[in-house]
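So the protein lines, in turn, are chains C and Z. Quick note: to get this note's numbering, add 617 to the position in the first sequence (first position is 1). Quick note: to get this note's numbering, add 617 to the position in the second sequence (first position is 1).
Number of protein chains: 2
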Amino acid sequence: MYLEANIKLAVYAPNEFGKAQAKTAEGVMRYGVNPIACVIDAACAGQSVKALTGIESDAPIVSTIAEAKALGAGALLLGTAWSGGAMPSEWKKDIEQAILADMDIVNGLHDFLCDDAKLSKLARERGKRLFDVRRSPEKLPVACGRVMKEDAFVVLTVGTDCSVGKMTASLEIRKSAREAGLDCQFIATGQTGMMIEGGDGIAIDRVIGDFMAGATEMMIVEKAKKHPGSLILVEGQGSLSHPGFSGVTMALVHGSCPQAMILCHRPSRSIIKGSDRAEAGADGAGMPISSYTRLIETYESMAAYMRPAKVVGLALNTHDLSEEERAEALRKAEEETGLPACDPVRESGKKLLDAIQSFRNSQR
Amino acid sequence: MYLEANIKLAVYAPNEFGKAQAKTAEGVMRYGVNPIACVIDAACAGQSVKALTGIESDAPIVSTIAEAKALGAGALLLGTAWSGGAMPSEWKKDIEQAILADMDIVNGLHDFLCDDAKLSKLARERGKRLFDVRRSPEKLPVACGRVMKEDAFVVLTVGTDCSVGKMTASLEIRKSAREAGLDCQFIATGQTGMMIEGGDGIAIDRVIGDFMAGATEMMIVEKAKKHPGSLILVEGQGSLSHPGFSGVTMALVHGSCPQAMILCHRPSRSIIKGSDRAEAGADGAGMPISSYTRLIETYESMAAYMRPAKVVGLALNTHDLSEEERAEALRKAEEETGLPACDPVRESGKKLLDAIQSFRNSQR
């Protein structure tokens, strides 16, 4: 299930473009493979994408589906969420208009468009596709290490916590790899990553427990068969130290059979996300983030049940630190672990790519 | 969702009682909390349960729902599966008759009775309940260590592989604990365990990834609030070393926040179940089962992300070994780990209960 890479996207973000709610829209514009025809947000129509978000893009911001069509849009991507309740009627109207204007729809929301009888019928009649990105496939295998038989070098991003920049680190490394002329593939395991890939991937955290690792394995095997010898970057989720999400992370570690891992961290975070809720076990104090050393030991020893794997670098998300704090965080990370560390967004993915390539070469 | 413990069960196993297919029926008869009114299997009606299965039970084997009713059955438990395709029409007829005869239905199958419009309507009209054991609840929390705030001692059974006797070990320990007059509770996390408990529990391997640990946590917190100070035995699933199921196991480890664990193993098994399939990573050779020492280190270090936990004993499933092999397996297990080991079915759960109680007392 994916959108062809030449189809131009209209990024739909009514009243939200440039705001926190539109993170998916920004992710897609920053890293997506499909060209962007325009953004649709009447509230800031005519303004500049770069001025609003810092993203280097000349795509215009327009108000209507008709304008998007005139700019060559072949798919409408829902790049934000509305706040609670049912889908607003203007959204439904716009989606209908987009289908009538010959566009596919890419939807990362919890509500599935395929479950809407009217939209489904219209899409079928018009031969258009509704990509409900979060819906998991019906038939999934149980994992059994199939990845180890494939000719590819698999790198998984892992974290000290959830929401620390695992997807972004993978995408920056891919960018650097492609600039270097390498065959480098990205496996999306969450809805934003999938939308960046035009719908390709599986949202692993929505898959039933027994099939999470199998779904991961299936995606990697398919990719490796199409791209033998490639570098495959798997988007990580959660953390093996997270009370709620460690099961998903574990399935990704064993499903992907990584040979190398990049450990991602956000230095401004000192406790596990969500662990400071009053009802949590830590009584409001929160559970401290574990040390790099402990987490590296954990990830390497758990991955080893499939095959030997090494954490080869650290990706730090330092966007909320001063220049001085950033330098200090990177210095401390390198000192504690003896591994190269960088902020792949502030710098680029090159330092981490070099670490991966140098380790890969040492293993041949 | 559970059946009151005084309701008598009719165990439905047409054409299968005493055969491998009817494992659930046998599990319920061996360990279930509800009294057994009878078994329904026309193929062996009139024969003895003990002669067919070795289970110490005087329950008669009958042919019809009407006979079960006359014996005081208040619920029909589907204790076997049919082979492929849709539910046989005789099953449907029998289920309808059972509802008309004032029985609730307990169903552990993949097919949900609540999805059958006719059966649902009939059950509603008659005020009877359809327990679809495998269906997971709609609203589940994300785990955050809530168990650690409860007054209970939590013991999780963990494994060297899947299907090695984790449920059985928990149930034998509970039996010994109750014989000793202790307040001991069992948390069912799979469909057979749930049916033994009259429908109580959640089949964790059917829960969506993000909520597996939360579902585990929720069950334990509820149980601990009802039974303060109790010993809570959590049924484990899979293994942290299993390529397909480690995610489910990880969620159970972090969701249950155990203080002690019992490591379960089947000495006749030398490779991970399913890892010798031709398409598996091990190329048909299979992945060897890891040593006790390695697995104990893994379980203890992963549990420690929530709170300190210790593997305090080993449960060996030796039903397919000779007396000599059994003694040798137990001796080797104790020698390698320095922990007490026993086969809780051949002996009883007492040795493991003693290990748990002695560790619990040392921690006060």
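The beta-carbon is built from N, C-alpha and C at its ideal position, and this holds for glycine as well.
To the nearest angstrom, report how far apart ARG883 of chain C and VAL656 of chain Z are at their CA atoms.
59 Å
Is PHE862 of chain C helix, strand or coil by DSSP?
coil
Flag this pair as touching only if the region 720–737 of chain Z and the region 653–670 of chain Z have three or more C-beta atom pairs under 8 Å; answer yes or no.
no
Which residues bound the alpha helix (DSSP H) around GLY671 of chain C?
Going by DSSP, GLY671 of chain C is part of no alpha helix (DSSP H) at all; its letter is neither H nor E.
To which residues of the same chain is ILE672 of chain Z closer than 7 Å at the C-beta, ignoring the five residues directly before and after it?
Within the same chain, Cβ atoms closer than 7 Å to the Cβ of ILE672 of chain Z are found at GLU643, MET646, ARG647, VAL666, the five residues on either side in sequence being excluded.
Quick check: the Cα distance between VAL928 of chain Z and GLU940 of chain Z, rounded to an integer number of angstroms?
26 Å
Would you call the region 704–715 of chain Z and the region 724–740 of chain Z in contact, with 3 or more CB pairs under 8 Å?
The region 704–715 of chain Z, when compared against the region 724–740 of chain Z, does touch it at the 8 Å Cβ threshold.
Measure the alpha-carbon distance for THR806 of chain C versus ARG963 of chain Z and round it to whole angstroms.
45 Å
Any chain C beta carbon closer than 8 Å to GLU896 of chain Z
At least one C-beta of chain C is nearer than 8 Å to the C-beta of GLU896 of chain Z.
Using the rule of at least 16 other Cβ atoms within 10 Å of the residue's Cβ for burial, across every protein chain shown, is ASN623 of chain Z buried or exposed?
Exposed, because fewer than 16 other Cβ atoms sit within 10 Å of the Cβ of ASN623 of chain Z.
Between the beta-carbon of GLY863 of chain Z and the beta-carbon of ALA830 of chain C, is there less than 8 Å?
Note that residue 863 of chain Z corresponds to Ser in the displayed sequence, not to Gly. Less than 8 Å divides the Cβ of SER863 of chain Z from the Cβ of ALA830 of chain C.
Using 8 Å as the threshold, is the region 888–899 of chain Z in touch with the region 814–834 of chain Z, meaning 3 or more CB pairs across them?
no
Of all the alpha helix (DSSP H) runs that stay within the bounds of the region 646–708 of chain C, which reach a length of 4 or more residues?
666–670, 682–687
Determine contact between the region 855–875 of chain C and the region 900–912 of chain C, defined as no fewer than three beta-carbon pairs at a distance below 8 Å.
In short, these stretches touch, since the Cβ pair count reaches three.
Beta carbon of THR641 of chain Z nearer than 8 Å to that of MET812 of chain Z:
yes
In chain order, which continuous runs of the alpha helix (DSSP H) of length 4 or greater are located wholly inside the region 762–796 of chain Z?
The region 762–796 of chain Z is shown to contain whole alpha helix (DSSP H) runs of 4 or more residues at 783–796, in chain order.
Nearest to ALA868 of chain Z by alpha carbon, out of Z:MET923, Z:LEU912, Z:HIS844?
Z:MET923
Whole-angstrom Cβ separation of ASN934 of chain C and GLY782 of chain C, contact assumed at under 8 Å?
4 Å
Flag this pair as yes or no: are the beta carbons of ASN651 of chain Z and LYS686 of chain Z separated by less than 8 Å?
Cβ distance not < 8 Å, so ASN651 of chain Z and LYS686 of chain Z don't count as in contact.
Best match in Z:LEU848, Z:ALA734, Z:GLY872, Z:ALA690 for proximity to ALA797 of chain Z [C-alpha to C-alpha]:
Z:LEU848
Could you pull out every unbroken alpha helix (DSSP H) segment of at least 4 residues lying fully inside the region 901–949 of chain Z, listed in chain order?
You should have 909–920.
How big is the Cα-Cα spacing for GLU633 of chain Z and TRP699 of chain Z?
9 Å
Which residues in the same chain as ALA627 of chain Z place their Cβ atom closer than 6 Å to its Cβ, once the five residues preceding and following it in sequence are excluded?
ALA654, CYS655, ILE657, ALA685, ALA690, LEU693
Helix, strand or coil at LEU880 of chain Z [DSSP, three-state]:
strand
Using beta-carbon positions only, say whether VAL772 of chain Z and VAL838 of chain Z come within less than 8 Å of one another.
Taking 8 Å as the cut-off, the beta carbon of VAL772 of chain Z is found no closer than this to the beta carbon of VAL838 of chain Z.
Short CB-CB distance (under 8 Å) between TYR648 of chain C and chain Z
no
Can you give, in chain order, each stretch of the alpha helix (DSSP H) that sits fully within the region 705–758 of chain C and has at least 4 residues?
706–717, 734–743
Taking C-beta pairs closer than 8 Å, name the residues in chain Z that SER780 of chain C reaches, listed in chain order.
Here the premise fails: no neighbours, minimum Cβ distance about 13 Å.
Can you give the beta carbon distance from VAL870 of chain Z to ALA920 of chain Z, rounded, assuming they're within the 8 Å contact cut?
5 Å
Hey, is MET829 of chain Z's beta-carbon within less than 8 Å of any beta-carbon in chain C?
At least one beta carbon of chain C lies nearer than 8 Å to the beta carbon of MET829 of chain Z.
With a threshold of 16 other CB atoms inside 10 Å of the CB of GLU834 of chain C, please say whether the residue is buried or exposed.
buried
Could you please give the first and the last residue of the uninterrupted beta strand (DSSP E) stretch that includes LEU850 of chain C?
848–851
I need the boundaries of the alpha helix (DSSP H) containing GLN808 of chain Z, first residue and last residue.
That run of the alpha helix (DSSP H) goes 808–813.
Determine whether the beta carbon atoms of ALA841 of chain Z and ILE973 of chain Z lie at a separation below 8 Å.
Going by C-beta atoms, ALA841 of chain Z is not nearer than 8 Å to ILE973 of chain Z.
Extent of the continuous beta strand (DSSP E) to which LEU626 of chain Z belongs
626–629
List the residues that DSSP assigns as beta-bridge partners of ALA958 of chain C.
ALA958 of chain C is bridged to C:LEU931.
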